[in-house]
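First the structure, in the form of structure tokens, and then the observations on it.
In full-length UniProt numbering, the protein residues as written are 1 to 208.
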């Protein structure tokens with residue numbers, strides 16, 4: 001039963017993350033670095049944003065394996081498939097904002113929802129995202145601080161995505177600075193409410 005609950009929590013968290021991502025995309029004020037890249041790909045290939053994310057995820061997993069033999073977990077594969085699938089569904093369901101106030105609201109609410117979703121799926125401890133695998137592979141290969149590897153990966157994705165026509169704006173900065181603190185505060189809140197279940201999850205894998 002605990003096993004099933006863990007995977008249900010993991011899947012729920014990923015679904016919530018997907019809603020948050022779509023809200024930040026709908027805000028049209030700039031998106032997260034990796035989403036800049038994904039949207040950039042859709043400008044040149046006949047694929048959806050979700051499919052671009054799935055293709056990127058598969059490529060990243062393969063690269064991780066080639067660099068340092070980092071094998072994807074079941075959770076990593078589910079992450080790639082479910083998030084891409086949910087992004088395309090939610091993008092079709094959620095209407096486009098028609099005023100600046102609604103755009104700003106979508107951005108702010110999206111960041112909060114994204115962070116909460118990440119907190120939920122990380123706490124399930126069922127596996128990490130594909131980019132986390134690549135970060136670990138590069139860390140093992142280069143012996144660099146993982147925070148610098150993460151920043152470098154996102155800057156590369158952002159730069160290539162921007163050159164491909166992906167949207168960069170104030171939202172890109174808000175997302176980069178906002179999601180992490182939301183996840184951290186989510187864990188602090190949960191730790192206060194239920195110290196037993198969430199005690200060991202606060203320090204790992206804070207970002208998507």
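Backbone N, C-alpha and C define an ideal beta-carbon position, used for all residues, glycine too. All of these numbers come straight from a predicted model, not from anything done at the bench.
Close-in-space but distant-in-sequence residues of the same chain around residue i (CB under 7 Å, 5 per side omitted)
i: residue 170; result: 29 and 30
i: residue 164; result: 40, 41, 43 and 44
i: residue 18; result: 83, 86, 87 and 90
i: residue 96; result: 26
i: residue 203; result: The pLDDT assigned to residue 203 is 48, lower than 50, so where the model puts this residue is not dependable; a value taken from the coordinates is nonetheless given after this. None.
i: residue 61; result: 72, 76, 130 and 133
i: residue 52; result: 38, 41 and 42
i: residue 65; result: 71
C-beta contact flag for residue i and residue j at 9 Å
i: residue 137; j: residue 70; result: yes
i: residue 11; j: residue 78; result: yes
i: residue 168; j: residue 90; result: no
i: residue 80; j: residue 54; result: yes
i: residue 87; j: residue 50; result: yes
i: residue 20; j: residue 124; result: no
i: residue 166; j: residue 35; result: yes
i: residue 155; j: residue 63; result: no
Extent of the continuous alpha helix (DSSP H) run through residue i
i: residue 48; result: Premise fails: residue 48 is in no alpha helix (DSSP H) and is neither H nor E.
i: residue 181; result: 170-193
i: residue 130; result: 130-142
i: residue 71; result: Run containing residue 71: none; DSSP gives neither H nor E here.
i: residue 31; result: First-last for residue 31: undefined, no H or E at that position.
i: residue 125; result: Neither: residue 125 is in no alpha helix (DSSP H) and is coded neither H nor E.
i: residue 161; result: 146-163
Beta-carbon separation (whole angstroms), residue i vs residue j, contact threshold 8 Å
i: residue 103; j: residue 32; result: Actually they do not touch by this definition, with Cβ atoms about 16 Å apart.
i: residue 120; j: residue 9; result: 6 Å
i: residue 37; j: residue 161; result: 3 Å
i: residue 141; j: residue 67; result: 5 Å
Residue i versus the options, residue with shortest Cα-Cα distance
i: residue 76; options: 129, 108 and 110; result: 129
i: residue 182; options: 36, 152, 143 and 108; result: 108
i: residue 186; options: 13, 5, 1 and 100; result: 13
i: residue 132; options: 2, 192 and 150; result: 150
i: residue 92; options: 105, 48, 192 and 143; result: 48
i: residue 56; options: 122, 153 and 191; result: 153
i: residue 190; options: 144, 122 and 159; result: 122
Proximal residues to residue i (C-beta, below 8 Å), its chain only, five neighbours per side dropped
i: residue 74; result: 126 and 127
i: residue 111; result: 20, 24, 174, 175, 178, 179 and 182
Same chain, Cβ closer than 6 Å to residue i, five either side skipped, listed in chain order
i: residue 199; result: Note that residue 199 has pLDDT 48, beneath the 50 cutoff, so the model's placement of it is unreliable and the number below is only indicative. Answer for residue 199: no residue qualifies.
i: residue 146; result: 135 and 139
i: residue 172; result: 30
i: residue 3; result: none
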